[in-house]
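Everything on this sheet refers to the single structure shown next.
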Amino acid sequence: MPSPTPAPTATPFGNYGQTLTDVTYCSPDGQSQKMDIYFPQSGGPWPVFLYVHGGGWDKGDKAEGAGWNFLNDKGYLVVSVNYRLAAYNVKFPAMIEDVKCAIRYLRAHAAEYNLDPDRIGALGASAGGHLVALLGTADQSAGWDVGEYADQSSRVQAVVAEAVFSDFTLPMPDSIAMAIYFAMGDLPGNTTPGLTAASPVTYVSPDDPPFLIIHGEKDSYSPVEQAQTLDAKLKAAGVPSTLIVVKGGEHSLQSADGSPTAPTQEEITQAIVDFLNANLMK
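What follows is the structure in C-alpha coordinates.
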(Lines of atoms letter the chains of each structure in order from A; the text may use other names.)
(Lines give C-alpha, C1' and ligand atoms only; values in the text may rest on other atoms or scores of the structure.)
Protein backbone atom coordinates (compact mmCIF):
# COMPACT_ATOMS: atom_id res chain seq x y z
CA MET A 188 0.00 0.00 0.00
CA PRO A 189 1.22 3.48 -0.72
CA SER A 190 2.04 5.50 2.33
CA PRO A 191 -0.48 8.24 3.10
CA THR A 192 0.66 11.74 2.34
CA PRO A 193 1.61 13.35 5.67
CA ALA A 194 -0.53 16.26 6.74
CA PRO A 195 1.22 19.60 6.39
CA THR A 196 2.63 20.95 9.60
CA ALA A 197 2.32 24.55 10.67
CA THR A 198 5.44 26.63 10.40
CA PRO A 199 6.73 27.27 13.94
CA PHE A 200 6.30 30.86 15.06
CA GLY A 201 9.71 32.46 14.67
CA ASN A 202 9.61 34.92 17.56
CA TYR A 203 8.93 32.58 20.49
CA GLY A 204 10.85 33.84 23.51
CA GLN A 205 12.26 36.78 21.59
CA THR A 206 12.24 40.53 22.21
CA LEU A 207 11.82 42.96 19.34
CA THR A 208 13.02 46.45 20.24
CA ASP A 209 12.45 49.78 18.55
CA VAL A 210 9.70 48.56 16.24
CA THR A 211 8.23 51.56 14.39
CA TYR A 212 4.47 51.43 14.84
CA CYS A 213 3.42 54.82 13.42
CA SER A 214 5.10 57.95 12.05
CA PRO A 215 3.01 61.05 12.79
CA ASP A 216 4.43 64.10 11.03
CA GLY A 217 7.32 61.93 9.88
CA GLN A 218 8.40 61.19 13.48
CA SER A 219 8.85 57.43 13.97
CA GLN A 220 7.28 56.18 17.20
CA LYS A 221 8.67 52.96 18.61
CA MET A 222 7.52 49.99 20.65
CA ASP A 223 9.21 46.98 22.25
CA ILE A 224 7.53 43.59 21.99
CA TYR A 225 8.19 40.69 24.39
CA PHE A 226 7.05 37.25 23.19
CA PRO A 227 6.07 34.21 25.28
CA GLN A 228 7.93 30.95 24.81
CA SER A 229 4.99 29.09 23.30
CA GLY A 230 1.33 29.13 22.41
CA GLY A 231 -0.72 31.93 20.93
CA PRO A 232 -2.63 33.74 19.71
CA TRP A 233 -1.98 35.62 22.96
CA PRO A 234 -3.82 38.41 24.68
CA VAL A 235 -1.86 41.66 24.70
CA PHE A 236 -0.61 43.58 27.72
CA LEU A 237 0.26 47.13 26.62
CA TYR A 238 2.40 49.25 28.96
CA VAL A 239 2.27 53.05 28.64
CA HIS A 240 5.01 54.84 30.59
CA GLY A 241 4.54 57.90 32.76
CA GLY A 242 6.74 60.95 33.20
CA GLY A 243 4.54 64.04 33.26
CA TRP A 244 3.86 63.84 29.49
CA ASP A 245 7.36 65.21 28.81
CA LYS A 246 9.77 62.40 29.71
CA GLY A 247 9.94 58.65 30.33
CA ASP A 248 10.73 55.71 28.09
CA LYS A 249 9.30 52.39 26.96
CA ALA A 250 12.27 50.60 28.57
CA GLU A 251 10.26 50.72 31.81
CA GLY A 252 7.99 48.09 30.30
CA ALA A 253 10.67 45.41 30.60
CA GLY A 254 9.62 44.98 34.21
CA TRP A 255 6.34 43.48 33.03
CA ASN A 256 7.81 40.75 30.83
CA PHE A 257 7.13 38.22 33.61
CA LEU A 258 3.63 38.24 32.12
CA ASN A 259 5.05 36.30 29.17
CA ASP A 260 5.09 33.24 31.42
CA LYS A 261 1.41 33.84 32.16
CA GLY A 262 0.50 33.78 28.49
CA TYR A 263 0.60 37.46 27.52
CA LEU A 264 2.31 39.24 24.67
CA VAL A 265 3.88 42.25 26.40
CA VAL A 266 4.23 45.51 24.48
CA SER A 267 5.70 48.80 25.72
CA VAL A 268 5.33 52.01 23.73
CA ASN A 269 6.92 55.41 23.41
CA TYR A 270 4.87 58.39 22.29
CA ARG A 271 5.51 62.03 21.42
CA LEU A 272 6.47 64.09 24.47
CA ALA A 273 5.78 67.67 25.45
CA ALA A 274 9.52 68.13 25.96
CA TYR A 275 9.84 68.06 22.17
CA ASN A 276 7.49 70.97 21.60
CA VAL A 277 4.31 68.98 21.06
CA LYS A 278 1.06 69.35 22.95
CA PHE A 279 -1.81 67.09 23.84
CA PRO A 280 -3.53 65.28 22.09
CA ALA A 281 -0.37 64.07 20.31
CA MET A 282 0.27 61.58 23.14
CA ILE A 283 -3.09 59.82 22.98
CA GLU A 284 -3.09 59.92 19.17
CA ASP A 285 0.14 57.92 19.27
CA VAL A 286 -1.02 55.39 21.85
CA LYS A 287 -4.24 54.83 19.91
CA CYS A 288 -2.18 54.34 16.76
CA ALA A 289 -0.14 51.70 18.61
CA ILE A 290 -3.31 49.73 19.33
CA ARG A 291 -4.39 49.96 15.70
CA TYR A 292 -0.91 48.84 14.55
CA LEU A 293 -1.06 45.78 16.79
CA ARG A 294 -4.46 44.80 15.42
CA ALA A 295 -3.25 45.28 11.85
CA HIS A 296 -0.28 42.98 12.60
CA ALA A 297 -2.17 40.40 14.67
CA ALA A 298 -1.19 37.46 12.46
CA GLU A 299 2.46 38.53 12.27
CA TYR A 300 2.77 38.82 16.05
CA ASN A 301 0.52 35.85 16.89
CA LEU A 302 -1.75 38.02 19.04
CA ASP A 303 -5.48 38.02 19.66
CA PRO A 304 -6.88 41.38 18.47
CA ASP A 305 -10.00 40.91 20.59
CA ARG A 306 -8.06 40.69 23.87
CA ILE A 307 -5.96 43.80 24.47
CA GLY A 308 -5.42 45.32 27.92
CA ALA A 309 -3.46 48.43 28.86
CA LEU A 310 -1.70 49.59 32.01
CA GLY A 311 -0.13 52.95 32.76
CA ALA A 312 0.81 55.03 35.78
CA SER A 313 0.66 58.80 36.26
CA ALA A 314 0.69 60.35 32.76
CA GLY A 315 0.52 56.79 31.48
CA GLY A 316 -2.49 56.19 33.72
CA HIS A 317 -4.15 59.21 32.14
CA LEU A 318 -3.48 57.89 28.63
CA VAL A 319 -4.72 54.35 29.28
CA ALA A 320 -7.84 55.79 30.94
CA LEU A 321 -8.46 57.68 27.70
CA LEU A 322 -7.89 54.45 25.75
CA GLY A 323 -10.68 52.92 27.80
CA THR A 324 -13.16 55.79 27.63
CA ALA A 325 -12.61 57.85 24.46
CA ASP A 326 -13.97 56.25 21.30
CA GLN A 327 -13.51 57.28 17.69
CA SER A 328 -15.80 60.28 18.14
CA ALA A 329 -13.08 62.00 20.19
CA GLY A 330 -11.19 62.58 16.93
CA TRP A 331 -7.89 61.01 18.00
CA ASP A 332 -7.87 58.05 15.62
CA VAL A 333 -5.74 59.81 13.07
CA GLY A 334 -2.89 58.56 10.90
CA GLU A 335 -2.11 55.00 9.92
CA TYR A 336 -4.26 51.87 10.16
CA ALA A 337 -7.49 53.86 10.17
CA ASP A 338 -9.45 50.70 9.37
CA GLN A 339 -8.57 49.24 12.78
CA SER A 340 -10.13 49.96 16.18
CA SER A 341 -8.12 51.54 19.01
CA ARG A 342 -10.48 50.27 21.73
CA VAL A 343 -9.13 48.01 24.48
CA GLN A 344 -10.81 45.31 26.56
CA ALA A 345 -9.32 46.06 30.02
CA VAL A 346 -7.62 49.03 31.68
CA VAL A 347 -5.35 49.28 34.73
CA ALA A 348 -4.88 52.95 35.67
CA GLU A 349 -2.37 53.71 38.42
CA ALA A 350 -1.96 57.19 39.96
CA VAL A 351 -4.41 58.39 37.32
CA PHE A 352 -5.27 61.92 36.21
CA SER A 353 -8.94 61.73 35.28
CA ASP A 354 -10.35 65.27 35.49
CA PHE A 355 -8.13 68.27 34.79
CA THR A 356 -10.92 70.71 35.59
CA LEU A 357 -10.48 69.87 39.29
CA PRO A 358 -7.78 71.61 41.36
CA MET A 359 -4.33 70.03 41.32
CA PRO A 360 -1.25 70.51 43.51
CA ASP A 361 1.42 72.99 42.45
CA SER A 362 3.77 70.01 42.12
CA ILE A 363 2.04 68.93 38.89
CA ALA A 364 0.29 72.09 37.71
CA MET A 365 3.10 73.33 35.46
CA ALA A 366 3.59 69.91 33.85
CA ILE A 367 -0.11 69.90 32.99
CA TYR A 368 0.15 73.45 31.63
CA PHE A 369 3.19 72.50 29.56
CA ALA A 370 1.44 69.48 28.05
CA MET A 371 -2.17 70.65 27.86
CA GLY A 372 -1.82 74.39 27.41
CA ASP A 373 -3.96 75.31 30.45
CA LEU A 374 -3.53 75.32 34.20
CA PRO A 375 -5.62 72.65 35.94
CA GLY A 376 -8.70 73.61 37.91
CA ASN A 377 -10.29 75.49 35.02
CA THR A 378 -13.20 74.31 32.88
CA THR A 379 -11.60 75.18 29.58
CA PRO A 380 -12.48 73.22 26.43
CA GLY A 381 -8.93 71.88 26.26
CA LEU A 382 -8.86 70.53 29.82
CA THR A 383 -12.34 69.08 29.46
CA ALA A 384 -11.32 67.33 26.24
CA ALA A 385 -8.18 65.91 27.89
CA SER A 386 -10.11 64.47 30.87
CA PRO A 387 -11.05 60.76 30.71
CA VAL A 388 -14.23 61.38 32.74
CA THR A 389 -15.58 63.41 29.80
CA TYR A 390 -15.96 60.26 27.69
CA VAL A 391 -17.28 57.66 30.13
CA SER A 392 -20.07 55.57 28.59
CA PRO A 393 -21.70 52.19 29.30
CA ASP A 394 -19.69 50.37 26.63
CA ASP A 395 -16.32 51.12 28.27
CA PRO A 396 -14.16 48.13 29.28
CA PRO A 397 -13.61 47.04 32.90
CA PHE A 398 -11.24 49.23 34.90
CA LEU A 399 -8.88 48.52 37.79
CA ILE A 400 -7.87 51.84 39.40
CA ILE A 401 -4.99 51.87 41.90
CA HIS A 402 -4.06 55.06 43.74
CA GLY A 403 -1.96 56.06 46.74
CA GLU A 404 -3.93 57.77 49.50
CA LYS A 405 -1.02 60.20 50.03
CA ASP A 406 -0.35 60.96 46.37
CA SER A 407 1.10 64.47 46.29
CA TYR A 408 0.84 64.88 42.50
CA SER A 409 -2.53 63.39 41.65
CA PRO A 410 -4.99 63.72 44.56
CA VAL A 411 -6.84 60.51 45.42
CA GLU A 412 -10.04 62.33 44.39
CA GLN A 413 -8.88 61.86 40.80
CA ALA A 414 -9.22 58.10 41.18
CA GLN A 415 -12.44 58.34 43.16
CA THR A 416 -14.01 60.62 40.55
CA LEU A 417 -13.18 58.23 37.70
CA ASP A 418 -14.37 55.20 39.66
CA ALA A 419 -17.67 56.90 40.52
CA LYS A 420 -18.29 57.99 36.90
CA LEU A 421 -17.61 54.51 35.57
CA LYS A 422 -19.87 52.83 38.11
CA ALA A 423 -22.64 55.36 37.46
CA ALA A 424 -22.48 54.36 33.78
CA GLY A 425 -22.63 50.67 34.65
CA VAL A 426 -18.99 49.98 33.79
CA PRO A 427 -17.22 47.41 36.00
CA SER A 428 -14.68 49.35 38.07
CA THR A 429 -12.56 48.36 41.04
CA LEU A 430 -10.77 51.03 43.08
CA ILE A 431 -7.84 50.12 45.31
CA VAL A 432 -6.64 52.96 47.53
CA VAL A 433 -3.16 52.12 48.81
CA LYS A 434 -2.87 53.10 52.45
CA GLY A 435 0.40 54.94 53.00
CA GLY A 436 1.05 55.03 49.26
CA GLU A 437 2.52 58.03 47.47
CA HIS A 438 2.45 58.70 43.71
CA SER A 439 4.61 55.61 43.17
CA LEU A 440 2.14 53.56 45.27
CA GLN A 441 5.01 53.04 47.71
CA SER A 442 5.37 54.78 51.06
CA ALA A 443 7.70 57.74 51.48
CA ASP A 444 9.67 56.11 54.29
CA GLY A 445 9.79 52.59 52.91
CA SER A 446 7.30 51.20 55.39
CA PRO A 447 4.80 48.59 54.19
CA THR A 448 1.70 49.76 52.38
CA ALA A 449 -1.72 48.16 52.44
CA PRO A 450 -2.07 46.38 50.12
CA THR A 451 1.61 45.52 49.71
CA GLN A 452 3.38 45.83 46.35
CA GLU A 453 3.17 42.05 45.95
CA GLU A 454 -0.57 42.11 46.60
CA ILE A 455 -1.02 44.96 44.11
CA THR A 456 0.81 42.98 41.43
CA GLN A 457 -1.33 39.93 42.14
CA ALA A 458 -4.50 42.04 41.94
CA ILE A 459 -3.37 43.29 38.50
CA VAL A 460 -2.68 39.76 37.26
CA ASP A 461 -6.02 38.52 38.59
CA PHE A 462 -7.83 41.41 36.89
CA LEU A 463 -6.08 40.79 33.56
CA ASN A 464 -6.79 37.07 33.73
CA ALA A 465 -10.45 37.65 34.54
CA ASN A 466 -10.94 39.97 31.57
CA LEU A 467 -8.47 38.80 28.92
CA MET A 468 -8.02 35.07 29.36
CA LYS A 469 -10.53 32.82 27.63
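Note that the numbering used here gives residue 226 to position 39 of the sequence shown, counting from 1, and the numbers run on in steps of one.
Note that CB positions come from ideal geometry on N, CA and C, so glycine has one too.
Nothing here was measured: the structure is a model prediction, and the numbers come from that model.
Check, Outcome
"Between which two residues does the alpha helix (DSSP H) containing Met371 stretch?", "Asp361 to Met371"
"Would you report the Cα separation of Lys287 and Ser229, rounded to the nearest angstrom?", "28 Å"
"How do the segment 445-457 and the segment 294-312 stand: do at least 3 beta-carbon pairs fall below 8 Å, yes or no?", "no"
"What is the rounded straight-line gap between the Cα of Ala329 and the Cα of Ser446?", "42 Å"
"To which residues does DSSP link Trp255 through a beta bridge?", "Answer is none; Trp255 lacks a bridge partner."
"Tell me, which residues are paired with Lys434 by DSSP?", "Ala449"
"What runs of the beta strand (DSSP E), each 3 residues or longer, lie entirely inside the segment 271-332?", "302-312"
"Apart from the five residues on each side of it in sequence, which residues of its chain come closer than 6 Å, Cβ to Cβ, to Thr206?", "Tyr225"
"Just grab the DSSP bridge partners of Thr472 for me.", "Within the shown structure, residues of the chain are numbered from 188 to 469, placing residue 472 beyond reach of any answer."
"Report yes if the CB atom of Gly315 is closer than 8 Å to the CB atom of Val411, and no otherwise.", "no"
"Considering Cα atoms alone, identify which of Glu437, Ala325, Asp223 and Gly376 is closest to Asp248.", "Asp223"
"Indicate the three-state DSSP secondary structure (helix, strand or coil) for Tyr238 in the structure shown.", "strand"
"For a test of the three-state rule: what should DSSP assign to Ala348, helix, strand or coil?", "strand"
"Below 8 Å CB to CB, which residues in the same chain sit around Tyr390 once its five sequence neighbours on both sides are set aside?", "Leu321, Thr324, Ala325, Asp326 and Ala329"
"How would you write the range of the beta strand (DSSP E) that Leu374 sits in, first residue to last?", "Here Leu374 belongs to no beta strand (DSSP E), and DSSP marks it neither H nor E."
"Nearest-angstrom Cα distance between Tyr408 and Val210?", "32 Å"
"Quick check on DSSP: helix, strand or coil for Phe398?", "strand"
"Out of Gln441, Leu399, Val433 and Ala366, which one is the CA nearest neighbour of Pro421?", "Rather than Pro, the amino acid found at residue 421 in this sequence is Leu. Comparing Cα-Cα distances from Leu421 to each of Gln441, Leu399, Val433 and Ala366, the minimum goes to Leu399."
"I'd like to know whether the C-beta atoms of Leu310 and Leu264 end up nearer to each other than 8 Å.", "no"
"To which residues of the same chain is Ala274 closer than 7 Å at the C-beta, ignoring the five residues directly before and after it?", "Asp245 and Lys246"
"First and last residue of the beta strand (DSSP E) that includes Val266?", "Leu264 to Val268"
"In the DSSP assignment, the alpha helix (DSSP H) including Asp418 goes from what residue to what residue?", "Val411 to Ala423"
"Count the other CB atoms within 10 Å of the CB of Tyr368; is the residue buried (16 or more) or exposed (fewer)?", "exposed"
"From the DSSP output, in three-state form, read off Thr383 for me.", "helix"
"In whole angstroms, give me the CA-to-CA distance for Asp305 and Glu251.", "25 Å"
"Looking only at its own chain, which residues have a Cβ that is under 6 Å from the Cβ of Gln339, when we skip the five neighbours before and after it?", "Arg291, Arg294 and Ala295"
"Could you have a look at Thr378 and say whether DSSP puts it in helix, strand or coil?", "coil"
"Can you check DSSP and say which residues form a bridge with Gly403?", "Val433"
"Would you say Leu467 and Gly308 are within 8 Å of each other, going by their C-beta atoms?", "yes"
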